Amino acid sequence: MSFNEAKGWKSKLVAPRKILSKIKPGMRIFLGTGVAEPCTLVKSLLDSDAGNLRDLEFIQLMSFGPAISITKTQNHKFRLKTFFAGWVASEEITSGRVDLVPTILSQIPILIQSGVIEIDAAFIQITPPDRSGFCSLGPAIDVARHAMEHASLVVGEINHDAPRTMGDTFVHINDFDFLVESQAQPIYFKRPPFDPVFDKVGANVASLIEDGSCLAFSAGPVFEALARHLQNKRHLGIHSPSFTDAVMDLVKSGAVSNRKKGNFLGKSLTSYAIGSPELLYWLHRNPLIEFQGIDVVTDPALIGRNDRTVVVLPVRKVDLSGGVALHSGKGNVGDGPSEAQAFFKGARFSKKGRTIIALPSRNLKNQPNILLSCEKVFPGDITVRFRAIKPSDVDEMRHLFYRFSDKSVYYRYFSPIKTMPHAKMQEYAAIDYTKTMSIVGLMGEPGTGRIVAEARYVRFPDKPLADVAFVVDEDFQGKGIASFLFRTLKKIAKEKGIRGFKADVLATNKGMLKVFESASDTPIQAVMDSGIYELNIPFDTENNAPDN
Numbered sequence: 302m303s304f305n306e307a308k309g310w311k312s313k314l315v316a317p318r319k320i321l322s323k324i325k326p327g328m329r330i331f332l333g334t335g336v337a338e339p340c341t342l343v344k345s346l347l348d349s350d351a352g353n354l355r356d357l358e359f360i361q362l363m364s365f366g367p368a369i370s371i372t373k374t375q376n377h378k379f380r381l382k383t384f385f386a387g388w389v390a391s392e393e394i395t396s397g398r399v400d401l402v403p404t405i406l407s408q409i410p411i412l413i414q415s416g417v418i419e420i421d422a423a424f425i426q427i428t429p430p431d432r433s434g435f436c437s438l439g440p441a442i443d444v445a446r447h448a449m450e451h452a453s454l455v456v457g458e459i460n461h462d463a464p465r466t467m468g469d470t471f472v473h474i475n476d477f478d479f480l481v482e483s484q485a486q487p488i489y490f491k492r493p494p495f496d497p498v499f500d501k502v503g504a505n506v507a508s509l510i511e512d513g514s515c516l517a518f519s520a521g522p523v524f525e526a527l528a529r530h531l532q533n534k535r536h537l538g539i540h541s542p543s544f545t546d547a548v549m550d551l552v553k554s555g556a557v558s559n560r561k562k563g564n565f566l567g568k569s570l571t572s573y574a575i576g577s578p579e580l581l582y583w584l585h586r587n588p589l590i591e592f593q594g595i596d597v598v599t600d601p602a603l604i605g606r607n608d609r610t611v612v613v614l615p616v617r618k619v620d621l622s623g624g625v626a627l628h629s630g631k632g633n634v635g636d637g638p639s640e641a642q643a644f645f646k647g648a649r650f651s652k653k654g655r656t657i658i659a660l661p662s663r664n665l666k667n668q669p670n671i672l673l674s675c676e677k678v679f680p681g682d683i684t685v686r687f688r689a690i691k692p693s694d695v696d697e698m699r700h701l702f703y704r705f706s707d708k709s710v711y712y713r714y715f716s717p718i719k720t721m722p723h724a725k726m727q728e729y730a731a732i733d734y735t736k737t738m739s740i741v742g743l744m745g746e747p748g749t750g751r752i753v754a755e756a757r758y759v760r761f762p763d764k765p766l767a768d769v770a771f772v773v774d775e776d777f778q779g780k781g782i783a784s785f786l787f788r789t790l791k792k793i794a795k796e797k798g799i800r801g802f803k804a805d806v807l808a809t810n811k812g813m814l815k816v817f818e819s820a821s822d823t824p825i826q827a828v829m830d831s832g833i834y835e836l837n838i839p840f841d842t843e844n845n846a847p848d849n
């Protein structure tokens with residue numbers, strides 16, 4: 302059909318029931334993401350009792366609307382596959398009624414193109430066409446274009462309230478087999494209320510962000526507060542999977558120019574919007590906001606072209622090892638692990654890029670969110686808690702020493718030490734946590750546990766290397782405790798600018814040699830001298846000569 306015919310596109314308008322008659326049992330139907338969910342089509346499908354609407358599979362990146370329905374999933378009408386575990390999908394995934402597809406978002410178009418993710422029909426929300434016949438995909442681009450290209454049935458739901466966004470958003474009316482007029486508004490989200498605790502977190506994060514930085518935003522109280530405290534900055538850039546009311550306010554404040562970016566110069570880059578009616582109205586025909594597919598926005602190489610990329614990740618908890626617990630569940634409409642991973646990589650590629658972990662010091666139960674220890678379960682159901690050594694550990698460290706056999710003492714200290722005076726252990730346990738770092742492993746309840754392992758490094762004063770040593774209670778050797786301590790120390794050392802470890806190990810100490818060999822992910826250089834192996838353990842393969 303030629304669009305040049307007067308009002309020709311309206312000949313494609315049909316009632317939703319016409320679309321439903323085209324659906325066959327077992328079809329895989331792609332639904333527009335999040336706020337761009339084609340709600341009229343989805344509601345019609347869920348409300349219909351037609352016999353052909355059975356065993357359907359919905360595919361949706363994020364589900365914020367009516368696609369999730371406990372009653373409908375229970376009667377075998379359809380099953381949802383989603384790539385995001387937040388919002389209402391969380392409970393359904395946990396219960397087994399919704400399938401979570403864990404993957405890197407930038408790879409989803411490839412999965413569609415290769416047929417790994419098969420799509421039979423695509424239901425897409427669009428704006429009314431312009432005089433040339435082009436519609437906009439509105440507030441969510443993600444992988445809609447790829448889904449349309451691979452579906453045999455493509456249906457557009459025209460929503461007159463959807464914003465006509467700019468960028469790679471335009472699709473021609475002739476790309477659709479049928480059109481349906483929407484009877485629903487786009488999905489809106491209220492802004493988080495002011496919270497004094499998160500306001501302080503936002504202020505602290507903002508103090509670490511320099512003029513000219515490029516930022517990724519998401520929804521939630523941390524970003525709501527952060528945007529307020531960034532309004533006095535200059536020449537900020539936006540390269541963000543989602544665009545919110547908070548980002549809109551930041552752009553309006555004049556703090557964002559996007560003139561320091563390495564790509565999409567002068568424009569804020571995003572893939573989907575989440576927010577209020579005011580936000581969607583502001584995005585309508587706004588040439589400063591560039592919408593692109595999720596494969597473009599979450600490409601680490603593209604992110605890394607922006608100097609001073611700053612990734613802010615709100616988390617629930619962080620422990621000694623650097624492990625973080627992300628927000629999850631029904632209240633989470635922010636980014637998931639896949640997006641976080643992509644932007645972490647991008648920040649590493651970026652010149653002067655950095656990642657900031659943001660969280661209040663305590664939760665709503667007044668419990669600490671920053672855990673000074675972490676637990677790990679080893680073979681034999683052995684639970685060991687790890688934390689930095691404290692001066693008060695003197696007695697426990699002495700008890701550990703006296704549990705050792707003469708052989709273990711000799712392996713650790715290279716001499717047959719028989720006693721460990723209190724004063725000597727006091728000096729050993731009093732470290733500065735910078736040049737010297739020591740991690741102990743404890744068993745038992747916090748406050749009463751006994752130390753069963755200790756590992757430490759001491760930085761050399763004249764080079765970016767550190768001497769490393771371990772000791773594990775003989776009753777718990779061979780469980781992987783030393784290997785875990787090695788990896789933990791290595792992670793801490795790298796963050797402090799140390800480029801490698803050195804260690805002296807007796808040639809007869811086969812167990813410790815095996816620990817270094819198995820736990821290190823880079824080649825180890827070993828030199829034998831008088832029955833002692835001198836080990837050089839570079840952290841990076843490019844740094845094969847730690848002494849240099």
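Note that our numbering has the sequence shown beginning at 302, numbered continuously upward.
Note that the Cβ used here is the ideal one computed from N, Cα and C, for glycine as well.
Note that the structure is a prediction, hence the values are computed from the model and not measured.
Using the beta-carbon count (16 or more within 10 Å), is THR428 buried or exposed?
-> buried
Using alpha carbons as the reference points, say which of GLY745, PHE817, GLY457 lies closest to LYS677.
-> GLY745
Distance, Cα to Cα, ILE371 vs ILE838?
-> Its pLDDT being 47, under 50, ILE371 is placed unreliably in this model, and the value from its coordinates should be taken loosely. If I take the Cα positions, the gap works out to 54 Å.
Three CB pairs or more closer than 8 Å across the region 512 to 526 and the region 602 to 616 | yes
May I ask you to report which of helix, strand or coil DSSP gives VAL336?
-> helix
Return yes when the Cβ of LYS666 is within less than 8 Å of the Cβ of PHE479, no when it is not.
-> no
Determine, using beta carbons only, whether ALA520 and PHE499 come nearer to each other than 8 Å.
-> no
What residues match up with ASN837 in a beta bridge as DSSP calls it?
-> LYS803, GLN826
Based on Cα-Cα distance, which residue from THR656, SER407, ALA756 lies nearest to ILE690?
-> ALA756
SER739 by DSSP, collapsed to three states: which one?
-> strand
Report yes or no: do three or more beta-carbon pairs, one from the region 453 to 472 and one from the region 417 to 427, lie closer than 8 Å?
-> yes
Beta-carbon separation of ILE488 and GLY335 under 8 Å?
-> yes
If you follow the alpha helix (DSSP H) that VAL548 is part of, which residue opens it and which one closes it?
-> 546 to 553
Mark MET813 as exposed unless 16 or more other C-beta atoms lie within 10 angstroms of its C-beta, in which case mark it buried.
-> buried
List the whole-angstrom C-beta distance separating ILE752 from LEU701, where the pair is believed to meet the contact cut-off of C-beta under 8 Å.
-> 5 Å
Indicate the three-state DSSP secondary structure (helix, strand or coil) for PHE645 in the structure shown.
-> helix
Using 10 angstroms around the beta-carbon of ARG699, count the other beta-carbons present and answer buried if the total reaches 16, otherwise exposed.
-> buried
Is it right to say GLU338 is buried, meaning 16 or more other beta carbons lie within 10 angstroms of its own, or is it exposed?
-> buried
Looking only at C-alpha atoms, which of ASN587, ALA528, ARG713 sits nearest to PHE771?
-> ARG713
Delimiting residues of the beta strand (DSSP E) encompassing ASP400 | 399 to 401
CB THR599 to CB LEU406, shorter than 8 Å?
-> yes
Taking all protein chains shown into account, do 16 or more other C-beta atoms lie within 10 angstroms of the C-beta of VAL506, making it buried, or fewer, making it exposed?
-> buried
ILE825 to TRP583 span [Cα, whole Å] | 58 Å
At least one CB of chain B closer than 8 Å to the CB of HIS473: is that the case?
-> Of the protein chains in the structure, only one exists, and it is not chain B.
Smallest Cα separation from LEU342: which of SER821, ILE595, PHE359, ARG492?
-> PHE359
Spell out the partners DSSP gives ILE718 in its beta bridges.
-> Its beta-bridge partners do not exist; DSSP assigns none.
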